[in-house]
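First comes the structure, then the notes that go with it.
There are 2 protein chains.
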Amino acid sequence: MINESAPAIHDMKECKSHLQPVRDSLDILNGKWKIPIIVSLMFGKKRFKEIQREIDGITAKMLSKELKELELNQLVKRTVYDSSPVTVEYAITTYGLSLKKVIDELRNWGTKHRNRLMKKNGIEIEA
Amino acid sequence: MINESAPAIHDMKECKSHLQPVRDSLDILNGKWKIPIIVSLMFGKKRFKEIQREIDGITAKMLSKELKELELNQLVKRTVYDSSPVTVEYAITTYGLSLKKVIDELRNWGTKHRNRLMKKNGIEIEA
DNA sequence: GAATCCGGTTTCTGAAAGGATACTGGTATA
DNA sequence: TATACCAGTATCCTTTCAGAAACCGGATTC
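Protein chains in written order, with numbering that gives the first Met the number 0: chain L, 0 to 126; chain X, 0 to 126.
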């Protein structure tokens with residue numbers, strides 16, 4: 000039996016330690032909606048309905064749930080003004096802003112991916 | 000009534016067009032496992048069980064399912080060698096490699112996040 | 001001869017995600 | 001007076017997600 004696995008074992012440890020922080024990020028940003036919400040708030044503080052209007056397809060229930068989780072992780076700040084009727088404002092925190100590079104790369108890749116698909120399928124004219 | 004919404008309307012369109020490519024990316028990278036699998040394969044081509052050993056907690060079912068989706072999107076290539084017993088190898092494609100920056104930023108943020116948590120909770124010594 | 005490895009698939013679960021609809025109570029709008 | 005807006009909550013329902021366990025046939029290892 001030829002031992003091919005000696006270097007592989009070493010790689011595996013390195014790979015695992017690379018994996019850990021990636022998974023830490025994913026744990027916090029999981030799901031379909033958290034990153035879109037953060038993007039929306041990076042354009043300025045907004046009210047509940049404003050966010051909902053901006054993110055196509057999100058329901059009030061999901062938005063509410065996700066905002067709570069983001070608040071827990073201090074990526075988003077919720078402020079209630081006791082005007083009447085009550086006004087609630089959501090804003091991104093400084094910590095939330097630290098996700099900018101991640102999001103820029105995601106947008107970047109998404110753009111390239113879309114172009115690639117268009118080339119492959121031939122460019123189709125949309126209505 | 001003071002019109003505060005005139006610039007907001009403009010922002011909303013800009014925000015939505017920013018959102019689109021981000022959501023395109025998320026659609027492809029969704030879930031808990033796809034990015035970890037890609038990271039693992041960036042360290043070199045691997046067999047099914049090797050990937051499973053490297054990514055703690057993933058089940059064969061999930062790994063199988065996720066690999067199929069990644070293959071469909073051409074991020075991963077599957078090769079069968081008809082040795083006996085059959086050998087199957089998974090490798091990242093050139094296109095898959097284009098995710099490197101996204102992943103680097105995720106790892107980066109994850110590392111910072113972990114440090115932040117450690118500072119907040121006080122540094123605790125682990126067994 | 002028995003146990004293990006390989007690359008999965010199948011079946012059976014429970015948990016979570018996501019959607020539809022209705023409701024609140026105070027305010028402004030028509 | 002009737003309607004719509006705001007910031008959600010409550011309820012119900014369906015669809016995915018995800019894990020645990022059993023299983024396959026062929027091959028190697030003990």
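Just so you know, even glycine gets a beta-carbon here, dropped at the ideal spot from N, CA and C.
Apply the 10 Å Cβ neighbour rule to residue i and answer buried if 16 or more other Cβ atoms are within range, or exposed otherwise.
| i | result |
| --- | --- |
| ASP23 of chain X | buried |
| ILE1 of chain L | In this prediction, ILE1 of chain L scores a pLDDT of 35, lower than 50, which makes its location untrustworthy; the coordinate-derived value is nonetheless stated afterwards. With fewer than 16 Cβ atoms within 10 Å of its Cβ, ILE1 of chain L is classed as exposed. |
| TYR80 of chain L | exposed |
| GLU65 of chain X | buried |
| LEU116 of chain X | exposed |
| ILE8 of chain X | exposed |
| ILE122 of chain X | exposed |
What would DSSP say about residue i, mapped onto helix, strand or coil?
| i | result |
| --- | --- |
| ARG46 of chain X | coil |
| THR58 of chain L | coil |
| ILE91 of chain X | strand |
| LYS31 of chain L | coil |
| VAL85 of chain X | coil |
In its own chain, which residues sit with a C-beta less than 7 Å from the C-beta of residue i, not counting the 5 before and 5 after it?
| i | result |
| --- | --- |
| LYS31 of chain L | none |
| GLU53 of chain X | SER39 |
| ASN120 of chain L | none |
| ILE50 of chain L | ILE36, SER39, LEU62, TYR89 |
| ALA59 of chain L | GLN51 |
| ILE57 of chain X | TRP32, GLN51 |
Between residue i and residue j, how many whole angstroms is the CB-CB distance? I'm expecting something under 8 Å.
| i | j | result |
| --- | --- | --- |
| ASP10 of chain X | GLY95 of chain L | Their Cβ separation, rounded to whole angstroms, is 18 Å, which puts ASP10 of chain X and GLY95 of chain L out of contact at 8 Å. |
| ILE36 of chain L | LEU69 of chain L | 6 Å |
| ILE102 of chain X | VAL21 of chain L | 6 Å |
| TRP108 of chain X | SER97 of chain L | 7 Å |
For residue i, which residues of its own chain have a beta-carbon under 8 Å away from its beta-carbon, when the five flanking residues on both sides are left out?
| i | result |
| --- | --- |
| LEU105 of chain L | ILE34 |
| VAL87 of chain L | ARG46, PHE47, ARG77, THR78, VAL79, TYR80 |
| THR92 of chain X | GLN73, LEU74, VAL75, LYS76 |
Between residue i and the rest of its own chain, which residues show a CB-CB distance below 6 Å, the 5 nearest in sequence each way excluded?
| i | result |
| --- | --- |
| SER4 of chain X | Unreliable positioning characterises SER4 of chain X in this predicted model, as indicated by a pLDDT of 42, which lies under 50. The coordinate reading is nonetheless provided below. Same-chain partners within the cutoff: there are none. |
| THR110 of chain X | none |
| ASN72 of chain L | ILE27 |
| LYS12 of chain X | none |
4 or more residues per run - each alpha helix (DSSP H) lying fully within the region 96-122 of chain X:
99-120
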